[in-house]
Amino acid sequence: MRARGAQVTDIAVLVVAADDGVMPQTIEAINHARNAEVPIIVAINKIDRPEANVVRVKQQLVEHGVVATDFGGDVEMIPVSAVTGEGVDHLLEIILLQAEIMELKADPAGDVEGVVIEAKKDKGRGPVATILVQNGTLKRGDVVAVGLTYGRIRAMFDFAGKEVKDAGPSTPVEILGLDEVPQAGERLVVYLDEKQAKAKIEALREKARDQEFGSATQHLTLADLKRALEQGETRELRIIVKADVQGSVEAVRGLIEKTDNEEIDVKVLHAGVGNVNLNDVNLAEAADAIVVGFNVGIEGQAKKEAERLKIEVRTYRVIYDLIEEIEKAVAGMLEPVFEERYQGTVEIRAVFNLTKVGKVAGSHCTDGKITRNSKVRVRRDGEVVFEGQVASLKHLKEDVREVTAGFDCGIQFAGWSDFREGDVIEAYEIVQVR
C-alpha cells in the first residue's frame, strides 16, 4: 500500500510519532517516496505527550538521509498534535507552499483522470475500487473503464463512508458498478457510453487472452543481467534486502554496496528486518528490483504475488553465498576488459623464398615463446613496421604449436611478407581480465 501510495502521490507527508521515533515502517515509507522521487514533508506527531522528543526524531531521520531545514537540510519538519490541533495549520501552509513551488494544478472541468489505490470484492456490494481522482470531476452515473474491467458508477462514497454524487481532483472515493475487481495501480478512464467502453474493454481482454500463452512481463533477474546489458536495457541493479535482525540487515547492505563499481550502479532501495512481505514485492515490481533475504522466509501472499508478477526473490542462510551470487551477476554486467600480455621476442636472421610456400622468415626465439596463435609486432630499427597475426609456425619443416627460447623457427605472417633480416618480432596475446 505504501509503494502504491508513493507512486501516485505528488507530496509525501511522513508522519513520525514524537515519542516512538523512527520505526521500520518509517524507513520503508522513506524508501518508497525516494523511489517515486516524491518530495517529503515530515509531520512529527504526538508532541502533546510528556515523552515526546522532537530533536531526537530529527536526529534519527538524519541517519536515513532525511535532514530538517534547521539541521541544514531541505526537508520541512513540522511538530504537530492530532489531539490538540497544535501545528496542523502550519503543516497545511507548508503543504500548500510546496504545491505552489511545484506548480501542481488540476482542472475540475477537464478530462477525468484517476488511479486505483485499492480494490476488493464485497459480498453485499460486488467489486469495489478505491479511486484517487487526479484531474476532472468523477460523477455518479459515469461510464468508466479501469484496466480490463468497466461499468457505470452506481454509487460513490468518500473517505468517511458518506455517499457522494461527485469527486474532484485529489479526492479519494470508493466506486461501485464495475463488472470485475480491477488491479491496484490501474488507470481510470471515462467513456461516453457503455457501448463504447464495452467495445474497448472486450478488445483489450481478447488481446490479453492472446498474450496469456506468450511471454509474461519479465522483470530483471540475477540470471539475465548479462543479457539485459548486452541489449542496452540496464546499467543498474536494484535490490531490496530483508534479514532476521538489524545487525544482519546492516551487514548485508554494507557488503552489497561494496559490489558497486564505476560501470554498474548497485542500489539498495530498501533494507529492513523481517520476512519478505507483500510490500517488498510491490516495491520490487514498481522499481524492477530483485529481493534478497538472509535468514528469513517469504510470506505466503508475498510468494504468490511474486510468482504472479515474476519478481525474483532469493533467500540465503549463508551471507557469503548471497554476496557471491550478486558479485557474479555484477561481473556479468560489466563490459569485458582486455589486456596485452607479452609472450616472447624473436629475431629474423634470414629470409627464404620457397617455391611452393613463398617468403619465410628464418628466425630464432631469444626470449619467452611464440605460438601459431600469437599476435605480433615487428620492429625495424626500433620502429613498428607491422602489427598482425602469425599465419604459420614451423620448426625443422614441421608445423608446431609453439617455439620457446633457444630454438629456431620459420614464420609467415597473415597478409604481410615485407620482412627483412634483422627485424625483431614481439609476440603477445590479448586476454580478458574481467
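Take the sequence shown: its letters are residues 20 to 453, numbered as in our numbering. Beta carbons: idealized from backbone N, C-alpha and C, even for Gly. Source: prediction; values computed, not measured.
Those residues which DSSP pairs with residue i across a bridge
i	result
residue 363	387, 446
residue 141	145
residue 411	431
residue 176	182, 193
residue 96	61
residue 285	256
residue 170	163, 197
residue 398	403, 443
Nearest-angstrom Cα separation, counted from residue j out to residue i
i	j	result
residue 448	residue 202	57 Å
residue 34	residue 48	10 Å
residue 271	residue 133	39 Å
residue 174	residue 277	54 Å
residue 129	residue 337	56 Å
residue 406	residue 295	57 Å
residue 88	residue 359	54 Å
residue 372	residue 433	16 Å
residue 279	residue 288	14 Å
residue 263	residue 313	7 Å
residue 297	residue 446	59 Å
residue 57	residue 403	59 Å
residue 190	residue 200	20 Å
residue 231	residue 225	Any answer about residue 231 is weak, because its pLDDT of 42 lies below 50 and its placement is not dependable; what the coordinates show is given next. Residue 231 and residue 225: Cα-Cα distance of roughly 10 Å.
residue 66	residue 167	46 Å
residue 378	residue 436	6 Å
residue 392	residue 408	7 Å
residue 398	residue 424	19 Å
residue 368	residue 376	18 Å
residue 390	residue 412	7 Å
residue 41	residue 80	7 Å
Reduced DSSP secondary structure (H/G/I, E/B, other) of residue i
i	result
residue 438	coil
residue 376	coil
residue 185	strand
residue 195	strand
residue 153	strand
residue 262	strand
residue 426	coil
residue 382	strand
residue 418	strand
residue 334	strand
residue 304	helix
residue 31	strand
residue 295	strand
Burial state of residue i, where buried means 16 or more other Cβ atoms lie within 10 Å
i	result
residue 213	exposed
residue 120	exposed
residue 299	buried
residue 267	buried
residue 410	exposed
residue 123	exposed
residue 374	exposed
residue 52	buried
residue 236	Confidence at residue 236 is low in this model, with a pLDDT of 46, below 50, so the placement of that residue should be treated as unreliable; the coordinate-derived value is given next. Exposed.
residue 96	buried
CB-CB length for residue i against residue j, believed under 8 Å
i	j	result
residue 302	residue 258	Not really, about 11 Å apart at Cβ, beyond 8 Å.
residue 223	residue 148	With a Cβ gap of about 17 Å, residue 223 and residue 148 do not count as contacting.
residue 207	residue 163	6 Å
residue 32	residue 62	6 Å
Proximity test, Cβ basis, 9 Å: residue i and chain B
i	result
residue 50	Among the chains in the structure shown there is no chain B, since it carries only a single protein chain.
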